[in-house]
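FYI, the numbering for the sequence shown is 29 to 128, going by my numbering.
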Amino acid sequence: MYTVIGTVQSRALRVLWMLEELGHSYEHVVAAPRSEGVVAFNPAGKVPVLIVDGTPITDSTAIIQYLADRHGALTHPAGTLERARQDSLTQFLLDEFDAA
């Protein structure tokens, strides 16, 4: 089972949504950015943090990509042109929406 650390008002929502789409169980630990519970896993204090087998993964985009790759769902295979185009579009959308 996965553990997601962060609040639904943060980018942790992206990770929670992804896990719901994949149909995987998870534990959600509500913790604010820069709180002790977050800094213990991410010295930068940023959320979300995904704990996998005791190892933290940070950054919502990296986490979502990891989950898609690990479960072979909602993505094209790594190293393909389709994946490169998908990643390009993802980064474009993130740049545009986060800029707003």
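Every residue gets a Cβ at the ideal spot worked out from N, C-alpha and C, and that includes glycine. Quantities reported herein were computed from a predicted structural model and do not represent experimental measurements.
Residue i (DSSP reduced to helix, strand or coil)
{"i": "Val36", "result": "coil"}
{"i": "Leu44", "result": "helix"}
{"i": "Leu102", "result": "coil"}
{"i": "Arg62", "result": "coil"}
{"i": "Val75", "result": "coil"}
{"i": "Phe125", "result": "helix"}
{"i": "Thr118", "result": "helix"}
Residues bridged to residue i (per DSSP)
{"i": "His56", "result": "Val32"}
{"i": "Val80", "result": "Thr83"}
Distance, residue j Cα to residue i Cα
{"i": "Met46", "j": "Arg113", "result": "20 Å"}
{"i": "Ala104", "j": "Gln93", "result": "According to the sequence displayed, residue 104 carries His and not Ala. Each residue's Cα considered, the two are about 10 Å apart."}
{"i": "His30", "j": "Asp81", "result": "The question names His, but residue 30 is Tyr in the sequence shown. Cα to Cα, Tyr30 sits roughly 8 Å from Asp81."}
{"i": "Ala59", "j": "Asp87", "result": "15 Å"}
Contact belief for residue i with residue j at Cβ below 8 Å, rounded distance in angstroms
{"i": "Leu122", "j": "Thr89", "result": "6 Å"}
{"i": "Leu44", "j": "Val36", "result": "7 Å"}
Inter-stretch contact at 8 Å, needing at least 3 Cβ pairs: the segment 40 to 49 / the segment 68 to 82
Between the segment 40 to 49 and the segment 68 to 82, the count of Cβ pairs shorter than 8 Å is three or higher; the stretches touch.
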